[in-house]
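Protein chains in written order, with the working numbering: chain A, 59 to 336; chain B, 163 to 427.
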């Protein structure tokens with residue numbers, strides 16, 4: 059940030075536009091951009107797919123002031139903002155992928171930040187397609203947070219990804235009365251009000267995730283990630299979010315993989331790591 | 163829907179109902195998912211249990227090593243609550259077991275001494291329709307990963323339950339006299355050694371008792387965790403966790419592992 063080495067007068071937006079236009083609609087383009095490693099690219103090619111372009115989607119959704127501080131039950135607006143931000147980011151990601159001639163986006167890296175005033179979701183991933191395949195509508199482009207390696211393994215086993223399922227919910231946890239706090243000070247007790255708040259947030263979120271999976275006609279959601287706990291800026295509001303990749307059997311049956319057992323003769327680098335014990 | 167009497171909230175039952183109609187959710191990675199299928203199981207749902215628990219207060223004597231039974235009880239009960247709730251969800255789904263169980267303790271700002279105990283895992287059901295529930299008729303639980311689960315099934319063993327033992331121990335501080343007399347010397351500190359030994363033994367024994375109750379022939383993948391949580395440096399929780407297993411088939415032909423040298427770093 060010294061300014062000495064800083065290039066001046068570069069119109070970044072124009073550069074990006076120019077770079078993107080090279081790909082638009084041009085399905086036979088040979089030049090590709092991807093954040094895949096060599097072996098991931100090899101995996102993709104092995105199943106007859108190729109990377110097309112690095113694509114991204116981003117959305118910020120604002121939430122009303124004072125939303126988080128007091129109340130009862132679910133914080134509906136916060137859940138809606140999360141869903142909208144996710145939906146917008148995903149659809150932008152898929153439109154970009156579609157424009158580049160891809161059929162799906164793999165290895166989507168999802169970053170979500172929730173602040174008291176807004177919810178932010180950003181996604182970046184590698185757009186892929188069956189080698190030489192033509193363009194499809196954005197609505198038919200799938201997004202998946204599975205790595206390219208996992209994606210190819212899933213295809214080999216006879217499954218296909220359909221998209222991302224997501225569900226989130228935010229709930230007020232009722233405060234304990236001073237009397238209760240005092241009374242429970244020395245006891246072993248379950249704090250039922252908090253437990254119930256966490257449960258209702260979780261159930262709403264999981265149910266939403268399941269519904270979005272059903273809407274995508276999936277039969278399962280794999281690699282579900284869970285983030286839960288009180289919001290950093292409002293300790294009496296608890297949030298629960300879950301997301302994963304929706305899958306379904308592409309063929310008639312699951313193809314078993316029959317792994318071979320191997321013993322690596324490499325010396326193990328770390329046999330025991332005390333730091334991992336926490 | 164189920165003959166079990168349980169304390170699951172209504173919303174949970176609604177969610178689980180959806181899962182019974184064919185959709186599955188799971189936090190297994192793709193590799194684990196494929197290996198669970200390979201072992202003859204199908205995931206049925208992500209199951210969870212949690213409990214926010216307030217641990218009481220127990221006075222400790224500065225110079226005396228002792229187990230803090232009240233804290234031990236709290237740590238055990240809270241985990242047991244979370245585990246039981248998770249098992250209930252799995253039972254509700256008609257699952258045979260839960261794999262990849264994670265047990266976590268999270269501390270929040272909700273007040274001193276309050277912590278969230280959470281158990282999360284993927285409920286699985288045998289594809290051949292034969293029940294694989296444990297001796298107590300409940301779904302088995304296991305903290306084995308999908309990979310470990312498959313490998314275990316190759317050896318003819320089946321998981322019976324996640325077993326645990328815990329012990330919260332206060333380790334005596336050394337008196338000034340003791341500190342002075344050992345300054346500059348190579349000596350073992352017997353009071354520390356003894357206290358740590360005893361606490362670990364208590365936790366391990368409790369874990370073994372649980373596995374005996376399940377009629378298991380052994381415990382695999384045992385982890386011993388030592389944590390001070392929020393009690394200061396001289397109070398430590400020893401937690402022993404493992405998966406109790408029993409042999410199900412006598413005749414097993416284990417594939418001879420191939421030896422490899424990987425050419426990458």
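A virtual CB, placed ideally from N, CA and C, is assigned to each residue, including glycine.
This one's a predicted model, so the numbers in the text were calculated from it and none came from an experiment.
Here DSSP, grouped into helix, strand and coil, assigns residue 109 (chain A) to strand. At a cut-off of 8 Å between beta-carbon atoms, residue 190 (chain B) makes contact with chain A. Each of A:94, A:262, A:287 and A:149 was checked against the Cα of residue 174 (chain B), and the nearest Cα belongs to A:262.
Ranked by Cα distance from residue 286 (chain B), the options B:186, B:279, B:403 and B:402 are led by B:186.
Among the CB atoms of chain B, none fall inside 8 Å of the CB of residue 229 (chain A). Residues of chain A with a Cβ closer than 7 Å to the Cβ of residue 276 (chain B) are, in chain order, 249. With a contact defined as Cβ atoms closer than 8 Å, residue 224 (chain A) and residue 155 (chain A) miss out at about 18 Å. Close to chain A, meaning a Cβ-Cβ distance shorter than 9 Å, are the following residues of the region 212 to 227 of chain B: 212, 213, 214, 215, 216, 217, 218, 219 and 220. Secondary-structure assignment with DSSP links residue 406 (chain B) through a beta bridge to B:323 and B:381. Residue environment for residue 101 (chain A): buried (at least 16 other C-beta atoms within 10 angstroms of its C-beta).
Contact check for residue 292 (chain A) against residue 120 (chain A) fails: the beta carbons are separated by 8 Å or more. Taking every protein chain shown into account, the CB of residue 269 (chain B) has fewer than 16 other CB atoms within 10 angstroms, so this residue is exposed. Per DSSP, the beta bridge partners of residue 266 (chain B) are B:280.
Identification of residues in the region 308 to 321 of chain A having a C-beta nearer than 8 Å to some C-beta of chain B yields 312, 314, 315, 316, 317, 318, 319, 320 and 321, given in sequence order. DSSP places residue 226 (chain A) in the strand class (E or B) of the three-state scheme. Annotation for residue 234 (chain A): no beta strand (DSSP E) segment contains it, and DSSP assigns it neither H nor E. Secondary structure of residue 298 (chain A) (DSSP, three-state): strand. Counting only the Cα atoms, residue 249 (chain A) lies some 16 Å from residue 219 (chain B).
Where residue 263 (chain A) is concerned, there is no enclosing beta strand (DSSP E), although the alpha helix (DSSP H) around it starts and stops at 250 to 273. Residues of the region 176 to 209 of chain B with a C-beta less than 8 Å from any C-beta of chain A: 176, 177, 180, 181, 184, 185, 186, 187, 188, 189, 190, 191, 192, 193, 195, 196, 197, 199, 200, 205 and 208, listed in chain order. Of all residues in the region 113 to 140 of chain A, none has a C-beta nearer than 8 Å to a C-beta of chain B.
When the five nearest sequence neighbours on each side are left out, the beta carbons in the same chain lying within less than 6 Å of the beta carbon of residue 189 (chain A) are those of 106 and 108, in order along the chain.
Contacts with chain A at 8 Å (Cβ-Cβ) include residue 239 (chain B).
Assigned with DSSP and collapsed to three states, residue 214 (chain B) falls in strand. Residue 158 (chain A) and residue 94 (chain A) have their C-alpha atoms roughly 17 Å apart. In the displayed model, residue 118 (chain A) falls within a strand according to three-state DSSP. Nearest in C-alpha terms to residue 399 (chain B), of all of B:378, B:363, B:330 and B:249, is B:330. With fewer than 16 other Cβ atoms from the protein chains shown falling within 10 Å of its own Cβ, residue 377 (chain B) counts as exposed. DSSP places residue 199 (chain B) inside the alpha helix (DSSP H), whose first and last residues are 192 to 200. Spanning the alpha carbons of residue 96 (chain A) and residue 207 (chain A) requires a straight line of approximately 11 Å. Within its own chain, the residues whose Cβ lies closer than 6 Å to the Cβ of residue 308 (chain B), once the five positions on either side in sequence are excluded, are 190, 194, 197 and 198, listed in chain order. Judged by DSSP secondary structure, residue 181 (chain A) falls within the beta strand (DSSP E) whose first and last residues are 176 to 188. Among the residues of chain A, none has a CB under 9 Å from the CB of residue 319 (chain B); the nearest is roughly 16 Å distant. At a cut-off of 8 Å, the C-beta of residue 331 (chain B) has no neighbouring C-beta in chain A.
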